[in-house]
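Residues in the sequence shown are numbered from 450 upward in steps of one, following my numbering.
Backbone N, C-alpha and C fix where the C-beta goes; we use that ideal spot for every residue, glycine too.
Written out below as structure tokens is the structure these notes cover.
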Amino acid sequence: MGVEEQRAGKFYVERDVLDELCLDQVARRRTHSTTPPLKERVKDSLRCSMPKLKRSVLSTFPVLSWLPRYSVRDNGLGDLISGISVGIMHLPQGMAYALLASVPPVFGLYTSFYPVLVYCILGTSRHISIGTFAVISIMIGSVTERLAPDSDFTFLNGTNGTAGLDVTARDAYRVQIAASTTVLSGLFQVLLGMVRFGFVVTYLSEPLVRGYTTGAATHVVVSQLKYIFGIHPARFSGPLSQVYILIDICRHLPETNIGALVVSLVALLVLIVVKELNSCYEKKLPLPIPIELIVVTATLISYYGNLNSQYDVAVVGEIPRGLKSPSLPDVSLWGTVVGDAFAVAIVGYAINISLGKTFGLKHGYKVDSNQELVALGLSNTVGGFFQCYSVTSSMSRSLIQESTGGRTQVAGVVSSVIVLITVLQLGTLFEELPKAVLSCIVFVNLKGMFKQYLDIPALWKSNPVDLLVWLVTLVCTILLNLDLGLAASIAFSLLTVIFRTQLPRYSILGQVPGTELYLDTDTYEEAKEIPGITIFRSSTTVYYTNAELYLDALQKKNGVNGHLPNGTVHPEDKVDVEKGSPDLKGNRTDIALTDRPTNGQVNWAYEQQWTRLDLGSETGSHGDDAITQTSSTVGEEQRGRSSDIDTHTIILDLSTASFVDTVTVMMLNNIFRDYREIDIDIYLAGCQVCVVEQLSRASFFSESIPKSRLFTTVHDAVLHSLRLQGASDVPIYECTLRLACLGGYANLPCYCNGERLACLGGVC
């Protein structure tokens, strides 16, 4: 591709140099805000009308907006097949994840029924499958086991003097704890959604969420090892509990139940093989093979093989028929579980909204983050009254729901019907199901989370800071448990943001020849500094944590630190002042203001003047390429500038600033004051409107710092500075290259020292 093809085109702009005062006049700055006052906004929010009432009802109950327009012909068959497929998955996953929550398996089936119906009415995502999820289940399980350990329900058998465990009382209390925690977490979600606080999840970055779920998957694996090996390790809580549990499991390995281990290995083999076949032949199979129905086969083998009585293989046990009547949660537990409930609420919503928005973007519909928060909260709150535990969306079930043709929330209703039939009529058939098989189902469904370890090499290449957040989150989650690990991870993630603002990149900008662009001279070779003008920029907002660093970098970059009043001079700064800062050496670009005719009009333009200045040379001679600089007619003493400082202007590019605080305003005042004493002019450039307004409210502008010191762009400030210095202060060189050809035509040549220059694409 040639140079001509690469060029997107040219533009010529003719306008005056604009400072802030001129910009207000030219752009006609509004004298009043277009935003209605607070009083009017409150009145408008309280004002009721039929259209407003209709919008409120439809936004609160989304089912009223899509159900009347539901097309049975277009969506009915897909939703039916999808609902049946997801419902079949709900059965083993509900019972398996109930083990993670340390409640009887039947309560996992309840959790797969009530909350799903509530979400179908209130949710805005059409493809996610609400129900049990491994991470949330293990978070609930950590609470139930901490507050209701086995040791609190042991008793001494009066007949033979052995210790026994009251499993019925323990499970009843754990269900009560799980339900109370679920209701409280649901209330948190509802309240946050009502105050439009859905953005809270933005503080959970994607690396943090993925690292956290990966760490939680490790908790899940550790918690299920006892069922795989058929052993009974002790329970530990608090930091490093996972390490202690693993040590205790290793200590109990000699006691492994061979029957449970064989069942686990066979189930794992079958599940993995069939799952891989589903993945390999995904496009050829009309429906994925419902391998979760292995629970039926396992139950039959366990029943007819008497695995529980002959080989002591743990089974699900009694599954009562029917549904539980609603009951009030134990409010007295809220003070104990408030931290856990809030963590469950935030993590559950983060998983739900990220998955919902993924499907929404893929299929072209909007997912309301605040409504999702309310829908998930009410699903948990209502479910808690029916002895359910916390729910969120599941990636595996959601993918099945989408891939099998599900298009609306009707698929969720169909899956609930499948669960309801099982609870009412078929539940007792699964009483002989080995718990080891349920643990294997949990293991296989964690494949997606374990694949997240592949984030490590990807983040190493793309963003090491995000990789650090991912690793710290993983380690904290594993070592500090799920609640403390989440808090520590969020704190560390926010600290990385603070550290990055405290350690920004400070740049000296130079002009790209022939343009009004000013780029970092360290990054771009063609970006040349303008003699006498230092253009300084920070890559982030300047505020109280990095204001002092900004000032230090400014003094070091412009090389005049030793000349500031009361300035602290470091040894390395003295060397820079004596020898000349390296930033001031090398190629520079000089701009001479000229009247250039363009199409018969007079246009203020700029001519690039190239020079190689050797600041350490007294003669400025460079052999055949000698460039002689004409001395200014006005002496340094007459201008009152220090003879060893060639900088007369510093331009602070504040285009990256989104706000200014009081510390920043004080720092800018000090910069103007200190540099004024050594006759260096300071200008601000590129300030956003909000920054200008904040400076005005802080009384920054005054007689000594008028608004005319603030310019729209860096180029405006440069041109103003050069005009202010006068023609005598603009260096004049023997060789002048006019980089932009007049009119861009090759028949208007450029000359240097009497020699005609080649013109390529309008550039000499």
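Measure the alpha-carbon distance for residue i versus residue j and round it to whole angstroms.
i, j, result
"G664", "W919", "10 Å"
"P656", "S1145", "40 Å"
"Y652", "V946", "11 Å"
"Q638", "G832", "14 Å"
"W515", "L827", "20 Å"
"I1181", "L908", "Because the pLDDT of I1181 is 37, which lies under 50, any placement of that residue in the model is unreliable, and the question is left without a value."
"S864", "V762", "31 Å"
"I795", "A666", "17 Å"
"D1128", "A976", "26 Å"
"E978", "Q960", "6 Å"
"T480", "D1102", "26 Å"
"P541", "P486", "56 Å"
"K724", "I740", "8 Å"
"Y760", "S888", "18 Å"
"K459", "L1173", "29 Å"
"T617", "Q951", "57 Å"
"S1030", "V1138", "Interpretation of S1030 is limited by its pLDDT of 42, a score under 50 that renders its predicted location unreliable; the figure taken from the coordinates is listed afterwards. Their Cα atoms are separated by approximately 35 Å."
"Y730", "T581", "27 Å"
"R1045", "D969", "With a pLDDT of 44 at R1045, under the threshold of 50, the predicted position of this residue should be treated as unreliable, though the coordinate-derived value follows. Rounded to whole angstroms, R1045 to D969 spans 28 Å at the Cα level."
"G1175", "D465", "17 Å"
"V462", "L1171", "19 Å"
"I849", "Y676", "27 Å"
Identify, in the order they occur along the chain, each residue of the same chain with its Cβ nearer than 7 Å to the Cβ of residue i, setting aside the five sequence neighbours on each side.
i, result
"G1084", "In this prediction, G1084 scores a pLDDT of 38, lower than 50, which makes its location untrustworthy; the coordinate-derived value is nonetheless stated afterwards. Nothing listed; no residue qualifies."
"K773", "Y559, F835, Q836"
"M1115", "none"
"T748", "L878, F879, E881, L882"
"Y622", "A597"
DSSP three-state label for residue i, please.
i, result
"T1098", "strand"
"E604", "Checking the sequence, you will find Phe at residue 604 rather than Glu. Strand."
"F562", "coil"
"E965", "coil"
"S987", "strand"
"F1121", "helix"
"P913", "helix"
"K733", "coil"
"V978", "Checking the displayed sequence, the identity of residue 978 turns out to be Glu instead of Val. Reduced to three states, the DSSP call for E978 is strand."
"G813", "coil"
"V764", "strand"
"T950", "helix"
"Q1137", "coil"
"Y955", "strand"
"S758", "helix"
"L578", "In the sequence on display, residue 578 carries Ser and not Leu. Residue state, collapsed to three classes: strand."
"Y1132", "strand"
"L1159", "strand"
Going by the CB atoms, is the gap between residue j and residue i shorter than 9 Å?
i, j, result
"L777", "N801", "no"
"V712", "A885", "yes"
"A550", "I589", "yes"
"Q836", "Y568", "no"
"I984", "V1109", "no"
"Y838", "F556", "yes"
"D932", "D789", "yes"
"V719", "I743", "yes"
"I1100", "I1131", "yes"
"I626", "A597", "yes"
"G771", "L935", "no"
Please find out if some non-hydrogen atom of the ligand NAD comes closer than 8 Å to the beta-carbon of residue i.
i, result
"D1130", "Because no ligand of any kind appears in the structure shown, any question about the ligand NAD cannot be addressed here."
Give me, in chain order, the residues of the same chain whose beta-carbon lies closer than 6 Å to that of residue i; leave out the 5 immediate sequence neighbours on both sides.
i, result
"P553", "D620"
"Y753", "none"
"V512", "I570"
"L467", "T1161, D1165"
"D1063", "Bear in mind that a pLDDT of 38 at D1063, under 50, signals an unreliable position, so the number given afterwards is only what the model happens to contain. Excluding residues within five positions, none has a Cβ falling inside 6 Å."
"E469", "K1156, L1159"
Which same chain residues end up closer than 8 Å to residue i when comparing Cβ atoms and leaving out the 5 residues on each side of it in sequence?
i, result
"M844", "L804, G897"
"S938", "L657, G660, Y661, V918, V921, T922, C925, T926"
"L943", "Y652"
"I533", "V863, S864, I867"
Quiz item: At which residue ranges does the segment 495-552 contain complete alpha helix (DSSP H) runs of 4 or more residues, listed in the order of the chain?
Solution: 499-509, 512-515, 526-549
Quiz prompt | Uninterrupted alpha helix (DSSP H) stretches inside the segment 688-718 (no shorter than 4 residues) | solution = 690-701
Exercise. Kindly provide the ranges of any beta strand (DSSP E) runs that are 3 or more residues long and lie completely inside the segment 823-883, ordered along the chain.
Key: 841-843
Quiz item: Which ranges would you report for the beta strand (DSSP E) in the segment 606-675 if only whole runs of at least 3 residues count?
Solution: Unbroken beta strand (DSSP E) stretches of 3 residues or longer found wholly inside the segment 606-675: 612-614, given in chain order.
Exercise. Pick out the complete alpha helix (DSSP H) segments inside the segment 768-821, 4 residues or longer, and give them in chain order.
Key: Fully enclosed alpha helix (DSSP H) runs of 4 or longer: 783-812.
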